[in-house]
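Asks: In my numbering, the protein residues as written are 1 to 441. Structure below; questions to follow.
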Amino acid sequence: MSHLIFSLLCKYMIQEIQSVDADIFNLVIAEQQRQATWMEFIASENYQSKAVLAAQSSVFANKYSEGTPWRRYYWGQENTDKLEQLTIDRAKAIFRCDHANAQALSGAAANVCIYAWLLEPGDTVLGMDLTHWGHLTHGHPVTFMWKIFNFVRYGMKDTSTWEIDFDLIRKMAHEYKPKIILAWFSAYPRELEYEKFAEIAQEVWAVAMADMSHIWWLIAAGVLANPFDAGFQVMMTTTHKSLRGPRGSLILSKWTVSNPLKKPDDTIENIPTRIDRAVFPGVQWWPHMNTIAWIAVALHETTQPDFKMYAEQTLKNAKVMAEEFLNLGYKLVTWGTDNHMIVVDFSETNLNWTIVENALDEIWISTSKSTIPDDPNPPYRPSWLRIGTPAMTTRWLKDDQIKTVVGRMDKAFKNHDNQEVLSTLQKEVEQMSAAFPSPSL
Ligand SMILES: Cc1ncc(COP(=O)(O)O)c(C=O)c1O
Numbered sequence: 001m002s003h004l005i006f007s008l009l010c011k012y013m014i015q016e017i018q019s020v021d022a023d024i025f026n027l028v029i030a031e032q033q034r035q036a037t038w039m040e041f042i043a044s045e046n047y048q049s050k051a052v053l054a055a056q057s058s059v060f061a062n063k064y065s066e067g068t069p070w071r072r073y074y075w076g077q078e079n080t081d082k083l084e085q086l087t088i089d090r091a092k093a094i095f096r097c098d099h100a101n102a103q104a105l106s107g108a109a110a111n112v113c114i115y116a117w118l119l120e121p122g123d124t125v126l127g128m129d130l131t132h133w134g135h136l137t138h139g140h141p142v143t144f145m146w147k148i149f150n151f152v153r154y155g156m157k158d159t160s161t162w163e164i165d166f167d168l169i170r171k172m173a174h175e176y177k178p179k180i181i182l183a184w185f186s187a188y189p190r191e192l193e194y195e196k197f198a199e200i201a202q203e204v205w206a207v208a209m210a211d212m213s214h215i216w217w218l219i220a221a222g223v224l225a226n227p228f229d230a231g232f233q234v235m236m237t238t239t240h241k242s243l244r245g246p247r248g249s250l251i252l253s254k255w256t257v258s259n260p261l262k263k264p265d266d267t268i269e270n271i272p273t274r275i276d277r278a279v280f281p282g283v284q285w286w287p288h289m290n291t292i293a294w295i296a297v298a299l300h301e302t303t304q305p306d307f308k309m310y311a312e313q314t315l316k317n318a319k320v321m322a323e324e325f326l327n328l329g330y331k332l333v334t335w336g337t338d339n340h341m342i343v344v345d346f347s348e349t350n351l352n353w354t355i356v357e358n359a360l361d362e363i364w365i366s367t368s369k370s371t372i373p374d375d376p377n378p379p380y381r382p383s384w385l386r387i388g389t390p391a392m393t394t395r396w397l398k399d400d401q402i403k404t405v406v407g408r409m410d411k412a413f414k415n416h417d418n419q420e421v422l423s424t425l426q427k428e429v430e431q432m433s434a435a436f437p438s439p440s441l
């Protein structure tokens, strides 16, 4: 179906809200306006295409489909079975793995599902230190998982090298005998040495797992390495963020797929079936079939020629942004980037989080806070700013515009108490934003 028809469909759906609920309609329109006028540099946000948005609003939302394709508990599954199988097949082909589960409702749920079936209570997971870059869902003490499993932590060597401490990982792996060694983090702007993780996991018979939530779209586009090629067995990801898909997830795995109705032995070869059983009925019940339709369309979009162009330009834009910040005298985590994000350090300047947040708010640019190794400040008021280029690359900003944006950010920081300068910058940002519209707004 052409984009024109989707566009009309989306308009029609928004008008449907207007006729039923004016309050929500007004909020939708206001948010549409905000997204169209602000510049989006939050590393994990993006603009979904109209086709992706339309798939989410489809009649698949009406369907109860517990189970897996061709093995369900409710009637009327001829279309949901095909839909889910197609999604699984697309994911397997893109990531070159043996199995995909698209049912976990979000990245957090996907991580819980993996822990739930690969681990017994008290079992150990070796993951990145949460005061460095580890994600909350990798076993932060505020989470439920922390009460059940034993999370132990590796970290960075130090901030003069920014190197991951593989000697420590090996030492801890042999000491604690984890069932899972977990790689990937929240704000790490470099590629990881997957072979080293996989080698250590093999030495201690652990599952090598990667939480690819931030970068899997770059793997899908073929511009970053795929951990499966280095010997990882399980990979999960959110499907929103830079993929431009829905709030959902994929759990991807290697090895043998068997009938999930029969409990498999707890061996590594059975990981795919153990994960299917963990998702349903282990942790969740009804899969959101409309979200699965949404994931399928987003996966299809990754195979189109302009997706690779988008991925390559996003990386180029991030590099240009890093260079501009460095030229202006800012300090960057790892001094640059290999992916779509850069992390700017304000700890040694006279700026603080409040100044940075207010200055960017005033000129209509969004970014996000980031904790990084050994930050003396709390997560809510850190000394670091994470900036990502995917969303504005969806709007086809290129090198020159990125340089202009960095110049405006710098000027806003330096003139954070000068309302006149900030107002002028805001008008300039708004004008540039209008000149690079999002395809779905
Ligand atoms: C690395 C990582 N893992 C897991 C999650 C959780 O995903 P979700 O928000 O879909 O629950 C996130 C989300 O921000 C993330 O960045």
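Backbone N, C-alpha and C fix where the C-beta goes; we use that ideal spot for every residue, glycine too.
For SER2, which residues from the same chain have a beta carbon less than 8 Å from its beta carbon, with the 5 sequence-adjacent residues on both sides left out?
Replies: Counting from 1 along the sequence shown, the entry for residue 2 is found at position 2. Model confidence at SER2 stands at a pLDDT of 46, short of 50, so the residue's coordinates are unreliable; what they give is reported in the following sentence. Excluding sequence neighbours, SER2 sits near nothing in its chain.
Asks: Taking the beta strand (DSSP E) that ASP211 belongs to, which residues open and close that run?
Replies: By one-based count along the sequence shown, residue 211 stands at place 211. Residues 207-211.
Asks: In or out: GLU301 buried (at least 16 other Cβ within 10 Å) or exposed?
Replies: In the sequence shown, counting from the first residue as 1, residue 301 sits at position 301. GLU301 is buried by the Cβ-count criterion.
Asks: Is it right to say ASP167 is buried, meaning 16 or more other beta carbons lie within 10 angstroms of its own, or is it exposed?
Replies: Residue 167 sits at position 167 when you count from the first residue of the sequence shown. That one is exposed.
Asks: Which residues in the same chain have their Cβ closer than 8 Å to the Cβ of ARG72, if we skip the five residues on either side of it in sequence?
Replies: Counted from its first residue, the sequence shown places residue 72 at position 72. Closer than 8 Å at the Cβ level, and outside the excluded window around ARG72, lie SER65, GLU66, THR80, ASP81.
Asks: I need the DSSP call for GLY388, collapsed to helix, strand or coil.
Replies: Along the sequence shown, one-based indexing puts residue 388 at 388. Correct three-state label for GLY388: strand.
Asks: Considering ALA187, what are the terminal residues of the alpha helix (DSSP H) in which it resides?
Replies: Within the sequence shown, residue 187 is the residue found at index 187, counting from 1. That residue, ALA187, is in no alpha helix (DSSP H); it is neither H nor E in DSSP.
Asks: Can you pull every residue whose C-beta falls closer than 7 Å to some heavy atom of ligand 1, listed in chain order?
Replies: SER44, SER106, GLY107, ALA108, ALA109, ASN111, HIS135, THR137, TRP184, PHE185, SER186, ASP211, SER213, HIS214, THR238, HIS240, ARG247, SER249
Asks: Determine the DSSP secondary structure at ARG72, reduced to helix, strand or coil.
Replies: Locating residue 72 in the sequence shown gives position 72, counting from the first residue. Reduced to three states, the DSSP call for ARG72 is strand.
Asks: Short check: CB of VAL333 to CB of PHE346, under 8 Å?
Replies: Residue numbering aside, residue 333 sits at position 333 when the sequence shown is read from its first letter. Residue numbering aside, residue 346 sits at position 346 when the sequence shown is read from its first letter. Cβ distance not < 8 Å, so VAL333 and PHE346 don't count as in contact.
Asks: Output yes or no for whether 8 Å exceeds the beta carbon distance between ILE268 and GLN304.
Replies: Position 268 of the sequence shown, counted from the start, is the residue given in the question as residue 268. Position 304 of the sequence shown, counted from the start, is the residue given in the question as residue 304. Result no, Cβ atoms of ILE268 and GLN304 do not sit closer than 8 Å.
Asks: Just to confirm the assignment: which complete alpha helix (DSSP H) runs, minimum length 4, are found wholly within the region 104-181?
Replies: 107-118, 144-148, 166-176
Asks: Which residue or residues does DSSP assign as beta-bridge partners of ASN101?
Replies: Within the sequence shown, the letter at position 101 stands for residue 101. In the DSSP output, where bridge partners are listed per residue, ASN101 has ILE251.
Asks: Kindly indicate which residue of MET341, LYS414, TYR154, GLU420 has the alpha-carbon position closest to the one of ILE180.
Replies: Taking the sequence shown and counting its residues from 1, the one referred to as residue 180 is at position 180. Checking every option, the nearest Cα to that of ILE180 belongs to TYR154.
Asks: Considering only the beta carbon of each residue, do LEU119 and PHE149 sit closer than 8 Å?
Replies: Residue 119 sits at position 119 when you count from the first residue of the sequence shown. Residue 149 sits at position 149 when you count from the first residue of the sequence shown. Yes; because the gap between Cβ atoms is below 8 Å, this pair is in contact.
Asks: Please classify MET128 as buried or exposed, where buried requires at least 16 neighbouring CB atoms within 10 angstroms.
Replies: Numbered from its first residue, the sequence shown carries residue 128 at position 128. Flag for MET128 reads buried.
Asks: List the DSSP bridge partners of TRP345.
Replies: Looking up residue 345 in the sequence shown gives position 345. As written in the sequence, residue 345 is Asp, which differs from the Trp given in the question. Answer is LYS331, TRP384, bridged to ASP345.
Asks: Just to confirm my understanding: we take THR239, look at its own chain, exclude 5 residues before and 5 after, and list those with CB closer than 7 Å. What are they?
Replies: Against the sequence shown, residue 239 aligns to sequence position 239. Around THR239: GLY245, PRO246, GLY248, SER249, LEU250, ILE295, ALA298.
Asks: Figure out for me which residue from ALA434, PRO382, ALA322, ASN358 has the closest Cα to the Cα of LYS403.
Replies: Looking up residue 403 in the sequence shown gives position 403. In terms of Cα proximity to LYS403, the closest of ALA434, PRO382, ALA322, ASN358 is ALA322.
Asks: Look at the alpha carbon of ALA278 and the alpha carbon of TRP117, and state the distance between them as a whole number of angstroms.
Replies: For this step, residue 278 is matched to residue 278 along the sequence shown. For this step, residue 117 is matched to residue 117 along the sequence shown. Their backbone Cα atoms lie some 5 Å apart in a straight line.
Asks: Mind checking whether ASN226 and ARG90 have CB atoms under 8 Å apart?
Replies: Residue mapping note: residue 226 aligns to position 226 of the sequence shown, counting from 1. Residue mapping note: residue 90 aligns to position 90 of the sequence shown, counting from 1. Their beta carbons are not under 8 Å apart, which means ASN226 does not touch ARG90 by this criterion.
Asks: Does the distance from the CB of PRO281 to the CB of VAL257 come in under 8 Å?
Replies: What you label residue 281 is simply residue 281 of the sequence shown in a count that begins at 1. What you label residue 257 is simply residue 257 of the sequence shown in a count that begins at 1. Their beta carbons are not under 8 Å apart, which means PRO281 does not touch VAL257 by this criterion.
Asks: So, does the CB of ASN350 fall closer than 8 Å to a CB anywhere in chain B?
Replies: As a matter of chain content, chain B is missing from the structure shown, which is built from one protein chain.
Asks: Report the partner residues of GLU40 according to the DSSP bridge assignment.
Replies: On the sequence shown, position 40 is the one that residue 40 refers to. Partner(s): SER366.
Asks: For GLN202, name the three-state secondary structure that DSSP assigns.
Replies: Taking the first residue of the sequence shown as 1, we reach residue 202 at position 202. Here GLN202 carries a helix assignment [DSSP, helix/strand/coil].
Asks: Between VAL484 and GLU312, is the Cβ-Cβ spacing less than 8 Å?
Replies: Within the shown structure, residues of the chain are numbered from 1 to 441, placing residue 484 beyond reach of any answer.
Asks: Ignoring anything shorter than 4 residues or poking outside the region 227-286, list the alpha helix (DSSP H) runs there in chain order.
Replies: 271-277
Asks: Would you kindly work out how many angstroms separate the C-alpha atoms of ASP23 and ILE29, rounded to a whole number?
Replies: In the sequence shown, the residue the question calls residue 23 occupies position 23. In the sequence shown, the residue the question calls residue 29 occupies position 29. Straight-line Cα distance between these residues: approximately 10 Å.
Asks: So, using beta-carbon positions, are ALA391 and ASN111 closer together than 8 Å?
Replies: Taking the first residue of the sequence shown as position 1, residue 391 is located at position 391. Taking the first residue of the sequence shown as position 1, residue 111 is located at position 111. Not a contact, by the Cβ cut-off of 8 Å.
Asks: Could you tell me if PRO378 is buried or exposed, where buried requires 16 or more neighbouring beta carbons within 10 angstroms of its beta carbon?
Replies: For the purposes of this step, residue 378 is taken as residue 378 along the sequence shown, with counting starting at 1. It counts as exposed.
Asks: Please state whether the Cβ-Cβ distance between ALA412 and LEU360 is less than 8 Å.
Replies: Position 412 of the sequence shown, counted from the start, is the residue given in the question as residue 412. Position 360 of the sequence shown, counted from the start, is the residue given in the question as residue 360. Their beta carbons are under 8 Å apart, which means ALA412 touches LEU360 by this criterion.
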